[in-house]
């Protein structure tokens, strides 16, 4: 029986929610050039995978954060799955914007958190950790008590790990970079050379550039 991280990594590759382009890298919003892109929103179009994520997140929340009172999704990638998990657990749901809304009530948090309530924060993917950092502080400023962080896909970057460690909040992840490389190898989705390229990128994601083609 496959472990959850391996099983989900395979499913993400099969539905193209994780994409590999070692020779023609993606450009991330951070400005990083990357041979891998995780689009976890894609799972919403696949009921079996969507349900797997919902069920496993709900289970892990109850096992690890049994005193949870509110589920919070980090906008925008974790809104839909966060709401599904909250519904399955019968818990209130809120979502946290990266910046205040530019009209109306100018909310950062959409929904209601009461002072002292225990909150589990859900993020679709963890790279630099900046979004989680902002969301954590938005919730605490609103009086919430963040008791745990649930991440669907963890890139396992050193920078992200340092940010989460600084928050001193326990984190549970569904799958990660290493499990994805192993799944890609099992599925024949990446050559050994491509896997090595991804490892080189992972070691220095902020300065990595693709190899230039040889010139005759």
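In the working numbering, the protein residues as written are 27 to 242. Beta carbons are placed, not taken as given, at the ideal position from N, Cα and C, and that holds for glycine.
Element boundaries [alpha helix (DSSP H), containing residue i]
i: residue 25; result: One cannot answer for residue 25 here, as it falls past the ends of the chain, which runs 27 to 242.
i: residue 69; result: Counting along the chain, residue 69 falls outside any alpha helix (DSSP H), and DSSP gives it neither H nor E.
i: residue 8; result: No answer is possible for residue 8: the residues shown for the chain start at 27 and end at 242.
Chain-order list of residues whose beta-carbon lies under 6 Å from that of residue i (same chain, five-residue window excluded)
i: residue 233; result: none
i: residue 83; result: 111, 176
i: residue 241; result: Per-residue confidence for residue 241 stands at a pLDDT of 46, beneath the threshold of 50, marking its modelled position as unreliable; the derived number appears in the next sentence. Nothing meets the Cβ criterion.
i: residue 123; result: 101, 134
i: residue 37; result: 75
i: residue 171; result: 144
i: residue 86; result: 198
i: residue 150; result: 66, 103, 104, 178
i: residue 49; result: none
i: residue 227; result: 61, 234
i: residue 162; result: 172, 193
i: residue 118; result: 96
Closest Cα partner of residue i within the set the options
i: residue 92; options: 173, 220, 192; result: 173
i: residue 196; options: 156, 146, 213, 210; result: 146
i: residue 136; options: 168, 153, 158, 199; result: 168
i: residue 199; options: 148, 208, 223; result: 148
i: residue 64; options: 189, 99, 203; result: 203
i: residue 95; options: 105, 72, 142; result: 142
i: residue 181; options: 29, 117, 66, 120; result: 66
i: residue 219; options: 231, 237, 230; result: 237
i: residue 139; options: 41, 121, 44, 125; result: 121
i: residue 71; options: 51, 118, 50, 43; result: 43
i: residue 30; options: 194, 73, 201; result: 201
Cut-off 7 Å between Cβ atoms - residues of its own chain near residue i, not counting five sequence neighbours on either side
i: residue 186; result: 152, 153, 154, 155
i: residue 166; result: 172
Same chain only: Cβ atoms within 8 Å of residue i, ignoring 5 sequence neighbours per side
i: residue 80; result: 107, 110, 111, 114
i: residue 53; result: 59, 60
i: residue 39; result: 206, 209, 210, 213, 215
i: residue 189; result: 154, 155, 156, 158, 159
i: residue 28; result: 36
Host beta strand (DSSP E) of residue i (start-end)
i: residue 64; result: 62-64
i: residue 200; result: 197-202
i: residue 29; result: Here residue 29 belongs to no beta strand (DSSP E), and DSSP marks it neither H nor E.
Supposed close pair residue i, residue j - CB separation, criterion 8 Å
i: residue 62; j: residue 224; result: 6 Å
i: residue 205; j: residue 46; result: That belief does not hold up - the Cβ atoms of residue 205 and residue 46 are roughly 14 Å apart, past 8 Å.
i: residue 183; j: residue 231; result: 6 Å
Check: residue i C-beta below 7 Å from any heavy atom of the ligand HEM
i: residue 142; result: The ligand HEM is not among the ligands present in this structure, which contains no ligands whatsoever.
Chain C contact for residue i (CB, 8 Å cutoff)
i: residue 135; result: No chain C appears in this structure, which consists of one protein chain only.
I'd like the ranges of any alpha helix (DSSP H) spanning at least 4 consecutive residues and lying wholly in the stretch 82-135.
105-115
Only counting runs of 4 or more residues, tell me where the alpha helix (DSSP H) segments fall wholly within the stretch 137-172, in order along the chain.
156-167
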